[in-house]
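K.L.:
Residue numbers (my numbering): 11 to 268.
Just so you know, even glycine gets a beta-carbon here, dropped at the ideal spot from N, CA and C.
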Amino acid sequence: MDTFRRRRSYSDAEESDVSSSQSKIINTRVRIYTILTIGTILCYMYYGYQSSGFRGYQYKIFGTIKAPNAEFPVAGPAPHTTVVEVDVTKTISTVFEAAPTSMPGKTNFWLANMEHKGVAPYHSDKKYQVFRNVFDFGAKGDGITDDTAAINAAITAGERCGEGCDSSTISPALVFFPPGKYLVSAPIVALYYTQLVGDPLDLPILLASKNFNGWAVVDTDPYDPPGRNWYINQNNFFRAIRNFVIDLTLMDPSSGVG
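(1) Look up Gln32 in the DSSP assignment and give the residues it is bridged to.
(2) Within its chain, find whatever has a CB closer than 7 Å to the CB of Asn246; leave out the 5 residues flanking it on each side and keep chain order.
(3) When you compare each of Asn221, Leu216, Lys220, Tyr233 to Val227 by their alpha carbons, which one comes out closest?
(4) Please report the distance separating the alpha-carbon of Tyr54 from that of Thr47.
(5) Pick out whichever of Cys171, Asn37, Ala183, His133 has its Cα sitting closest to the Cα of Tyr241.
(6) Determine which residues share a DSSP beta bridge with Ile251 and list them.
(7) In this structure, how does DSSP classify Val228 when only helix, strand and coil are distinguished?
(8) In this structure, does DSSP put Phe222 in helix, strand or coil?
(9) Roughly how far, in whole angstroms, is the beta-carbon of Pro188 from the beta-carbon of Thr117, given that I think they are within contact range, below 8 Å?
(10) Measure how close the beta-carbons of Phe141 and Leu184 come, nearest whole angstrom, since I'm counting them as under 8 Å.
(11) Pairs of beta-carbons, one from the segment 192 to 199 and one from the segment 158 to 165, closer than 8 Å: are there three or more?
(12) The beta strand (DSSP E) with Leu184 in it runs from where to where?
Now the structure itself:
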């Protein structure tokens, strides 16, 4: 029985020593972490002060706040603000008036002046015309003549994918617009697989007339009178419209045309 008690007493002492040793280790770690944390904070404060360029008040970690060496400049009175009313419609019209810098139809853009040898290899008509210049179909581009019919004729020439055709990739068309102002009174219908390209050196203007009748100057998703789509919505692509200015300033702003 005594032997058992001595062993028990020895075990208790051993556990006490281990517990004391662990406590010392923990306390030492806490002190180290505390010192490192304080040192890190002080370093951030010092380097932040050095990099900020602030010299109005000099801050010392173990000192006091000193007065600035020079006075801060006093801000002057706020500048006077003048309100000017501008008629945006007239301003936009003025900008559009100055856009064309050359005669209508005249262009230096390489696309219009190159030899066009492109063909539609799968089209039944071997003479099918891929490149079309709207001036070749009667457009004037003078801002006075209604060019709606001429432009749509350039787009629809040949057997193309229009109303009643869900989609097709055998009848492409690149329709070129030389510089000019094209007055339109109804939508320009961009058929399936059509590129409408204006002269990037002198942007052509699509000018919606005062009596424009339609919901868009360029219509890529036409509907028939009962309200059915010409094309399948999920497959209505293969188009490009680029290098144009679309001018709606002649129209009534409440007409809702885009």
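P.N.:
For this structure:
(1) Position 22 of the sequence shown, counted from the first residue, corresponds to residue 32. BP columns for Gln32 are empty, so no partner.
(2) For this step, residue 246 is matched to residue 236 along the sequence shown. Correct list, in chain order: Asp231.
(3) The sequence position of residue 227 within the sequence shown is 217, counting from 1. When only C-alpha atoms are compared, the closest one is Leu216.
(4) As a first step, residue 54 must be located in the sequence shown, where it is residue number 44. As a first step, residue 47 must be located in the sequence shown, where it is residue number 37. Computed Cα separation, rounded: 11 Å.
(5) Position 231 of the sequence shown, counting from 1, holds the residue named residue 241. When only C-alpha atoms are compared, the closest one is Cys171.
(6) Locating residue 251 in the sequence shown gives position 241, where the first residue counts as 1. Partner(s): Leu206.
(7) Your numbering for residue 228 matches position 218 in the sequence shown. Val228: strand per DSSP, three-state reduction.
(8) Taking the first residue of the sequence shown as position 1, residue 222 is located at position 212. Coil.
(9) In the sequence shown, counting from the first residue as 1, residue 188 sits at position 178. In the sequence shown, counting from the first residue as 1, residue 117 sits at position 107. Right, the Cβ-Cβ distance comes to about 4 Å (below 8 Å), so this counts as a contact.
(10) By one-based count along the sequence shown, residue 141 stands at place 131. By one-based count along the sequence shown, residue 184 stands at place 174. Indeed, because the Cβ distance is near 5 Å, the residues count as touching under 8 Å.
(11) yes
(12) Position 174 of the sequence shown, counted from the first residue, corresponds to residue 184. Looking at the DSSP string, the run of the beta strand (DSSP E) that includes Leu184 is 183 to 187.
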